[in-house]
Structures are given as C-alpha cells and as structure tokens.
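Trainee: Per numbering that gives the first Met the number 0, the very first residue in the sequence shown carries number 0; after that it's consecutive. My questions will all concern the structure given below.
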Amino acid sequence: MGLSNIIPLLLLSILMFGVLGNAQLTSDFYSTTCPNVTVIARSLLEQASRSDVRLTAQVMRLHFHDCFVNGCDGSVLLDAALADGVEGEKEAFQNAGSLGGFEVIDEIKTALENVCPGVVSCADILAITAEISVSLAGGPSWDVLLGRRDGRTANRDDAVAALPLGPDSLDILTTKFSEHNLDTTDLVALSGAHTFGRVQCAAITNRVNNFDGINGQSDPSVEPAFLQTLRRQCPRGGSPTALVNLDPTSPDSFDNDYFKNL
C-alpha cells in the first residue's frame, strides 16, 4: 500500500470507529436543537490548544479510549462517584495518569449547556472534538455523524480488558480490534493516529532499559540510533512521567510521517 493512500484509509477507519455501539447517526442531528455546536466546540478547543499544543492529540485519544470500551458512549469521562461507586474507566492503568483533555471537554460541555441545555451528549462532544483536533493539527476534515447517547456507568475492569497495550502481540491486538468488527487494515490505519502526541517514558522504559527484565538491556528490534535517542530522553532512573514525541519528525502534525518513520 502506498503512503499516499494511508491518510484516506486512516480517515475511513476513524469514521467507522466513531460509530461503534451506535446506529441511526446523522451529521445534522443538532441542526435545529443546537446548530452552533461545532462552532462553539472549535472555538474553545482552538483557544485551549494555543496554550497546550498537546491537547489535539489528547482529545483524539479520549475519543478512541471512549469508543473502544463498550462503544462511543462518553463513559470514559465518568468519575468513579458517578459510576455506581465502581472504579471507572479513568482508573484503568491504560488511562490513569496519561489520559488528558478532560478540562477542555468540560469547558465545551458547560458552554453548550448555557446555550442548548440538556441537548448535546458528552459522547457527541468527544466525536466532534476528535474531528476538530485532527483538522487543527493539519489533517483532513469530515462530516461527524451525531446522535449518540451517554452511558451512565463505567467500569475499570472493562477498560483494562478492552484497551490495547503497547506490549500486546499482533494476535492479541487483532483479537481486540475484531471484537469491534475492525480488521487488520483498520488496526494498521488507526495506529497512524500516533502521528501526533506524546508518550510517557514509563510506557517505553522496559524496551529501552529493562528488556525481558534485564537491567540495561534493550529490545533488539529497536533501531540503534533511535535507541540512543530514546535513552537520552528516558535515561535509567529518570522520571517515568517525562514525555517523548510519538513522531520525532512532526510531533504536532497529523500527517503520514508515522508510517514513513517505520
């Protein structure tokens, strides 16, 4: 597959992914009840991203982590106290301490409640802001299908079981994606969303400094020059929350450099 086909394929996979667990969605769902929903969301997200360029990738990741656990229902936003006292999806180790963007979503929800009270679901706000995030980062735009309803419960264990992990084998990843009717083409395409954003050193330190539990050993599959770069950014004994660019060439742009770098 040529690199020129990657971005359209990624866009198609995002569109398919965004309807998980939902049916009868339409792009004009709020045309009469809250016609300025996208304008309001874009204005606030664009303003916030000027202060923190990481926000666009964080919001996109929020949408992914929402949809991958019991469909796109906004449940990733629920606090434990609002989720029947059960630990929520935020507390899953794939999310805790690394998932961001909650504040700007809250800000957008508050603004929409002021003009369209009780109308726009949080799940739809995540879908809308995911598209805006890609657009602000230089990627394509698309018509967002809307009409999702918010979930009322969230469960940490569901998130732990469903969300992909860095160490997951291809077989495990394929199984997790197939549970959402996504195939290996979707898996590869959606991986391209890692073309922008950051990752904490904690997520890669085992491959860089402690492979197979051996102190100082690295994953032999990591290209040597890139390994030295990662070791400088995430040295042994360094901060586990230090950040590394997912895409070292254009970390804040939504492009196909992720695949070029591979």
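Positions of the beta carbon are idealized from the N, C-alpha and C atoms, including for glycine.
Could you say which of Ala136, Cys66, Ser97, Pro163 lies nearest to Arg49 if we only look at CA atoms?
Mentor: Of Ala136, Cys66, Ser97, Pro163, the residue nearest in Cα terms is Ala136.
Trainee: At the level of alpha carbons, what is the spacing between Asp27 and Cys115?
Mentor: Roughly 15 angstroms between the two C-alpha positions.
Trainee: What does the Cβ neighbour count give for Val36, buried or exposed, with the cut at 16 atoms within 10 Å?
Mentor: Under this definition Val36 is a buried residue.
Trainee: Go ahead and pull the three-state DSSP assignment for Arg53.
Mentor: Note: Arg53 maps to coil in three-state DSSP.
Trainee: Grouping DSSP H, G and I as helix and E and B as strand, with all else coil, what is Leu172?
Mentor: Reduced to three states, the DSSP call for Leu172 is helix.
Trainee: Taking the beta strand (DSSP E) that Val243 falls in, what are its first and last residues?
Mentor: From DSSP, the beta strand (DSSP E) with Val243 extends over 242–244.
Trainee: Contact defined as beta carbons within less than 8 angstroms: I believe Val133 pairs with Thr32. What is the distance between those atoms, to the nearest angstrom?
Mentor: Not a contact, Cβ separation roughly 25 angstroms.
Trainee: Checking 9 angstroms against the spacing of the C-beta atoms, do Leu242 and Gln199 come in under that value?
Mentor: Going by C-beta atoms, Leu242 is nearer than 9 angstroms to Gln199.
Trainee: Just to confirm the assignment: which complete beta strand (DSSP E) runs, minimum length 3, are found wholly within the stretch 112–147?
Mentor: You should have found no qualifying run.
Trainee: For Val198, which beta-bridge partners are listed by DSSP?
Mentor: Val243.
Trainee: Quick one: is Gln227 buried, meaning 16 or more other Cβ sit within 10 Å of its Cβ, or exposed?
Mentor: That one is exposed.
Trainee: Along the chain, where does the alpha helix (DSSP H) that runs through Arg230 open and close?
Mentor: Residues 223–232.
Trainee: Report all residues from its chain with a CB closer than 7 angstroms to the CB of Arg206; omit the five preceding and five following residues, and keep chain order.
Mentor: Cβ within range, chain order: Ser217, Asp218, Val221.
Trainee: How many angstroms separate the CA atom of Asn255 from the CA atom of Leu189?
Mentor: Rounded to whole angstroms, Asn255 to Leu189 spans 12 angstroms at the Cα level.
Trainee: What does the alpha-carbon distance come out to for the pair Leu2 and Cys121?
Mentor: At Leu2 the pLDDT is 47, less than 50, meaning the model places this residue with poor confidence; the figure from the coordinates comes in the next sentence. Spanning the two alpha carbons is a distance of roughly 34 angstroms.
Trainee: Confirm, please, whether the CB-CB distance from Leu24 to Leu144 is below 9 angstroms.
Mentor: For Leu144 and Leu24, yes; Cβs fall inside 9 angstroms.
Trainee: Beta carbon of Ala126, beta carbon of Arg148: below 9 angstroms?
Mentor: No; because the gap between Cβ atoms is not below 9 angstroms, this pair is not in contact.
Trainee: Taking Asn260 as the reference, which of Glu178, Asp185, Ile104, His193 has the closest Cα?
Mentor: Taking only the C-alpha atoms, the option nearest Asn260 is His193.
Trainee: Mind checking whether Ile104 and Val52 have CB atoms under 9 angstroms apart?
Mentor: No, the Cβ-Cβ distance between Ile104 and Val52 is not below 9 angstroms.
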